[in-house]
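Right, one structure below, let's go through it.
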Amino acid sequence: MIDLDYLRAHVDEVKQNCANRKVKVDLEKFLDLDQQRVTLIQNIEQIRGERNSIAEHMPKANKEEKPGLAAKAKQLKEQVQQAEAELQTIETDWRNIWMTIPNLTHPDTPIGGEDKNKILHTWEKPTHFDFAPRTHLELGEKWDLMDFERAAEVSGQKFYYLKNEGALLEMALTRFAVDQAMKAGFSLMLTPDLARPSVLEGTGYQPRGPETQIYSIEGHDLALIGTAEITIGGYHQKTTFEAADLPKKYVGVSHCFRTESGAYGKESRGLYRIHQFTKVELFVFCTPEQSEQFHTDLLAVEESIFQALEIPYQVIDNASADLGGPAYRKFDIEGWMPFKNAYGELTSTSNLTDFQARRLQIKYKEGKKSQFVHMLNGTAVAIPRTIIAILENNQNQDGTIQIPAALQPYMNGKKVIGQV
RNA sequence: GGAGAGGUGGCUGAGUGGUCUAAAGCGGCAGGUUGCUAACCUGUUGUAUCGGGGUAACCUGGUACCGAGGGUUCGAAUCCCUCCCUCUCCGCCA
């Protein structure tokens, strides 16, 4: 949610921002509801004040006064109840619109849709093959690294078994990414894979409704998380830090579950788009002054990981309409994926400024003043997509796969998949 | 999953219908005493939000907040209901 005072004082700017992000919001209606809400609240507080002063005088009142005072207080109470009912309907609408107003946008963010995404820089060139490269599906089958058919029978479409070096790759990548993050000062945290819907909402996810990407557990007030961002963000909900305790830097590992409803087509074959995967996630709670620096820091950690993994990539500064609601600025790393003959998203790091903190009520205190923290998150490694990139980019003509040197220690020293 | 006991300020803990933002202690902050430290003494010490005053640090008035949300009542930390959480015992289990 964005700051109300800021919104009230900068209506035109917010309106333009919504347009830039291609978010349809009826700001006029919102401001109208906002005004009504304030008036009603003032009204209610005034009546409550009267009621309180009657209640206060009650014990001192004599017998003749009491019935009259009680009747008056009762009448005031009815007025309050009526006004509160009115307030509730207004506030529901008001809040629903407020939630849909996107975060402000970084001044350097390109304005426009996906076609305006800006390539900040590239690392290495797309892999060149002197032969027809195999897809990760073909390689997976050749070396028995994954099984989609059995998974489909056991769990359904878009599930998978990882086997042998395929499974080892997941564990190796997880451990490698965690080690890199810990070296950069992040504290390790394994989080729950399920969370309450209220926490999902607090982090800006929509656990219910037709558009939802989230699985809910029938008969329980729980949902499967789509990312550890939810559980790490929720970890500090309703807390106030001392300024000296910031920043808080976490690296979390969790499973991620996504319904991916309506996502079909070539790209959805194999490990690219699936219902469940493991992800190593970076997360920062910091002061507003620190957040821009940490955003570039997060990107730097991500880049160092993919450079160590020797995956050619480009870094994207996402255009305004591609940011979603909460992000102030978003950088993606897109790795080269031979099966697409294109770059594909590997990581995404966002500076959410105070947008999430306001919902989750996460603040920090400096002296007597407290204000909302800034929150940032970024993917260290999304395992399956990274496995795609490693398998496909490092394959040899005979189908054997070179394991990146950085990963070999985590693979029992194995250098090549397909060789004993 | 079953039975029982609880949830009060930064912490410990009192409060079972009005004088309660809530005793007392600890801690924190300011001052005093003092070779130094410690000890002692005095004062002070919640948050959010709306309005008024001030350049401002702040002052001032209202409202809300005793796990969360509802209800009863002129009036709720206190009584009732639902939910969440913690502890103890039992059951089950990796």
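Each step along the first sequence adds one to the number in my numbering, with nothing skipped, and position 192 is 183.
For glycine and all other residues, C-beta sits at the position ideal for the given N, C-alpha and C.
All values reported here derive from a predicted model rather than from experimental measurement.
What is the residue span of the alpha helix (DSSP H) that residue i lies within?
i           : result
residue 275 : No alpha helix (DSSP H) contains residue 275, which is instead part of the beta strand (DSSP E) from 267 to 277.
residue 113 : No alpha helix (DSSP H) contains residue 113, which is instead part of the beta strand (DSSP E) from 109 to 114.
residue 282 : 282 to 299
residue 90  : 56 to 91
residue 10  : 2 to 11
residue 42  : 18 to 48
residue 205 : No alpha helix (DSSP H) holds residue 205; DSSP gives it neither H nor E.
residue 220 : 219 to 226
residue 375 : 374 to 384
Between the options, which lies nearest to residue i when the distance is taken from Cα to Cα?
i           : options            : result
residue 303 : 320, 334, 273, 330 : 334
residue 380 : 126, 247, 232, 201 : 126
residue 410 : 144, 275, 391, 404 : 391
residue 94  : 347, 404, 408      : 347
residue 68  : 105, 42, 177, 297  : 42
residue 34  : 147, 184, 72, 229  : 72
residue 402 : 48, 23, 167, 92    : 167
residue 122 : 344, 386, 396, 400 : 386
residue 183 : 173, 213, 198      : 213
residue 15  : 40, 91, 77         : 91
residue 111 : 228, -4, 324       : 324
Leaving out the 5 sequence neighbours to the left and right, which residues in its chain are closer than 7 Å to residue i when beta-carbon positions are compared?
i           : result
residue 152 : 137, 138, 141, 142
residue 82  : 28
residue 216 : 184, 185, 186, 222, 245, 247, 248
residue 124 : 329, 383, 386
Run through the DSSP bridge pairs and tell me what residue i is partnered with.
i           : result
residue 328 : 333
residue 342 : 320, 367
residue -3  : Answer by DSSP bridge pairing: none, since residue -3 is not bridged.
residue 246 : 269
residue 357 : 360
residue 196 : In the DSSP output, where bridge partners are listed per residue, residue 196 has none listed.
residue 231 : 354
residue 136 : In the DSSP output, where bridge partners are listed per residue, residue 136 has none listed.
residue 393 : 407
residue 174 : According to DSSP, residue 174 bridges with nothing at all.
residue 168 : According to DSSP, residue 168 bridges with nothing at all.
Return the chain-ordered list of same chain residues with a C-beta closer than 6 Å to the C-beta of residue i, the five sequence neighbours on each side being excluded.
i          : result
residue 13 : 312
residue 21 : 88
Skipping 5 residues on each side, what residues in its chain have a beta carbon closer than 8 Å to that of residue i?
i           : result
residue 169 : 179, 242, 244, 271, 371
residue 356 : 231, 232, 233, 234
residue 237 : 276, 277, 278, 281, 355, 364
residue 201 : none
residue 98  : none
residue 310 : 100, 101, 102, 103, 104, 105, 106, 107, 108, 109
Quick one: give me the first and last residue of the beta strand (DSSP E) that residue i is part of.
i           : result
residue 154 : Unbroken run through residue 154: none, as it is neither H nor E.
residue 307 : 304 to 308
residue 412 : Nothing about residue 412 can be reported from this structure: the residues present for the chain run from -8 to 411 only.
Sufficient close CB pairs (3 or more, under 8 Å) joining the segment -2 to 18 to the segment 48 to 61: no
Between the segment 148 to 164 and the segment 220 to 229, are three or more C-beta pairs nearer than 8 Å? no
Decide if the segment 318 to 337 is in contact with the segment 280 to 298; the criterion is three or more beta carbon pairs, one per stretch, under 8 Å apart. yes
contact_flag[the segment 204 to 214, the segment 180 to 195] where n(CB pairs < 8 Å) is 3 or more: yes
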